[in-house]
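Numbering (my numbering), first residue to last: 260 to 900.
Below is one structure; the comments refer to it alone.
Pasting the structure below:
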């Protein structure tokens, strides 16, 4: 044992034993002297120990005081810098406000010089695409961010006439984008982020503006250490406007961001693959399912699969972008690996030519929703209009091969009894090896969200209406049938949302009692709320796969008149007649309030049972998705005033 390893306790113990032995074996006087000597030594030891501890404590307190002084100085410096920066930003905003107020040459020049002074340090620090680094040359918002040599050298003039013209030529959305970027990078990030998120889903903004908003958000999240959010917005930029997002480099934003995919595979309850560019019923159906899943607490991954068409530069429908919250609903990037309980592919044309690059989706179960029949027409008009559009919408044999290669084991789910009948009667021999599910994957709708409070206030008019894409097959081709379906009677009006080009060709012009609205120019729900009844007839021989437009009309609370071929789809929810019988049916409804209310009530009851969000969640549960129990209860009785 070394001397350094001997503890104080051991030394004291030995000393006590030695003193005790000396006292015990010594004469009384010597023993007493030894006791006093020992006590004196002990007292001195205590004094020395206390003094040593006091000095040690004093040294530590001095160190703490020095550290506190340093922290106080640092904090003071930070506060001073923040205060100075805040003062500069406030001065900049005030200068800009003054410049905008007087619009004088001197005001604009003062604003530009002040803006250059404040943003110059940032211009050297961050990235491009809406970040301060990208403000040289043409910035991401479309403005000229470079100042001439005269500006930096004491330029006394104002904004050039060319710059003023360029500023005035910009759209409100482009100006809003530029303002949002200024707020984001100049100290008002919460305001800038809110504006940019709104622009990213703004249907009124151009696809290029939506893409630039997401590129800016991506740069912000990357600069603030949020790589996953940066990836999400870079991908959304590519989806919003594929061509514009690539810019001069020709490379998608997701690749130029150089942010790797998450190492751990994300798990979703449902992954939905579709062509999210589409403007009509397919997008409406996707939105309803996404909303139902989100409201039930489920997570949904979206895989965008644009089908092989001429216009590959077209972006994702802004209605889909608005539903993405990057929490419960997010797009899955092509380089990601994810898992899910259920993979749903909506749009059979995807299987005809699958994309070369797709995310890896490890799904417990995989289904394909047949929301379109292989042929556009069956029966007597099967060969009509070939010059305008081939009758074949998608090839069954090629889709069987494509989906089997892409998905492995899977099943096909018709969207309605009408599609099922077409597959069984006309295409069963082409479906070798792919099972047709026993249950249809019908469209769904949020009945409570669409339902109006009551009938339109009577004013002596009868307002009929319909809404759909303006396609030849969406209209009866016989002039007499079309005229009978929408009668020209005193006080009767026909309102159409979606365009009337083909109807006008059939009738020789727009009838005076018709009012036409372009597609998506009016919210469909608001449009339907102002009608008395809904009448929907299509071209002879055309097989409407489901009929999302009539579904929305029934949900609003409109008595809906359809051709008898729709009866297997909607059952008692609609009324069925030929065009010649429309007048009698409408007169009976408008003349009998109880009959009108009864039809509305029956329609809502059928929709709640078979076409509601709750019905969708029940079928997800049956396919293995873990839906919370409270969303699986039977629908409550519907009370209609």
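The beta-carbon is built from N, C-alpha and C at its ideal position, and this holds for glycine as well.
- In this structure residue 791 does not touch residue 693 by the C-beta definition: roughly 45 Å separates them, more than the 8 Å allowed.
- The straight-line gap separating the alpha-carbon atoms of residue 318 and residue 301 is approximately 26 Å.
- Considering only 884, 829, 876 and 471, the residue with the shortest C-alpha distance to residue 891 is 876.
- Residue 709 sits in a helix when the DSSP states are folded into three classes.
- Inter-residue distance for residue 600 and residue 689 is about 29 Å (C-alpha atoms, whole angstroms).
- The Cβ atoms of residue 577 and residue 462 sit closer than 8 Å to each other.
- Residue burial annotation: residue 513 is buried, with at least 16 other C-beta atoms found within 10 angstroms of its C-beta.
- Distance from residue 466 to residue 496 at the Cβ level is roughly 10 Å; contact not present, criterion being Cβ atoms closer than 8 Å.
- Per DSSP, residue 664 is not a residue of any beta strand (DSSP E); the alpha helix (DSSP H) it occupies stretches across 655-666.
- Of the residues assessed, residue 478 falls on the buried side of the cut-off, its CB having 16 or more other CB atoms within 10 angstroms.
- With contacts defined by Cβ atoms closer than 8 Å, residue 735 and residue 798 form a contacting pair.
- Between residue 612 and residue 661, the C-beta spacing is below 8 Å.
- Judged by DSSP in its simplified three-state form, residue 542 adopts helix.
- In the structure shown, residue 462 adopts coil according to DSSP, grouped into three states.
- If you draw a straight line from the Cα of residue 789 to the Cα of residue 587, it is about 34 Å long.
- Here residue 631 is buried, its C-beta having at least 16 other C-beta atoms within 10 Å.
- Shown here, residue 579 sits in a helix according to DSSP, grouped into three states.
- Within the model, the alpha-carbon separation for residue 675 versus residue 520 is close to 38 Å.
- Counting along the chain, residue 823 sits inside no alpha helix (DSSP H), nor does DSSP assign it H or E at all.
- According to DSSP, residue 560 shares a beta bridge with 530 and 589.
- The distance from the Cβ of residue 628 to that of residue 603 is about 6 Å, consistent with a contact at the 8 Å cut-off.
- Residue 610 has its alpha-carbon roughly 9 Å from the corresponding atom of residue 653.
- When the Cα atoms are used, residue 773 and residue 819 turn out to be separated by approximately 18 Å.
- Annotation: residue 668 to residue 659 spans about 11 Å, alpha carbon to alpha carbon.
- Residue 729 and residue 705 have their C-alpha atoms spaced approximately 25 Å apart.
- DSSP places residue 726 in the uninterrupted beta strand (DSSP E) bounded by 721-726.
- For the options 831, 592, 595 and 560, the alpha carbon positioned closest to that of residue 582 is the one of 560.
- Judged by their CB atoms, residue 802 and residue 696 are not nearer to each other than the 8 Å cut-off.
- In the assembly as shown, residue 715 is an exposed residue. Its beta-carbon has fewer than 16 other beta-carbons within 10 Å.
- If you look at residue 772, you'll find it isn't in any alpha helix (DSSP H); DSSP assigns it neither H nor E.
- Buried is the label assigned to residue 532, since at least 16 other Cβ atoms lie within 10 Å of its Cβ.
- Within the stretch 735-795, complete alpha helix (DSSP H) segments of at least 4 residues are found at 738-744, 760-766 and 783-788, given in chain order.
- Each of 485, 492 and 487 was checked against the Cα of residue 472, and the nearest Cα belongs to 492.
- Every alpha helix (DSSP H) stretch that sits fully inside the stretch 831-884 and reaches 4 residues is listed by chain position as 841-850, 852-869 and 872-881.
- In the structure shown, residue 598 falls within a strand segment according to DSSP collapsed to helix, strand and coil.
- Nearest C-alpha to residue 865 among 703, 671 and 757: 703.
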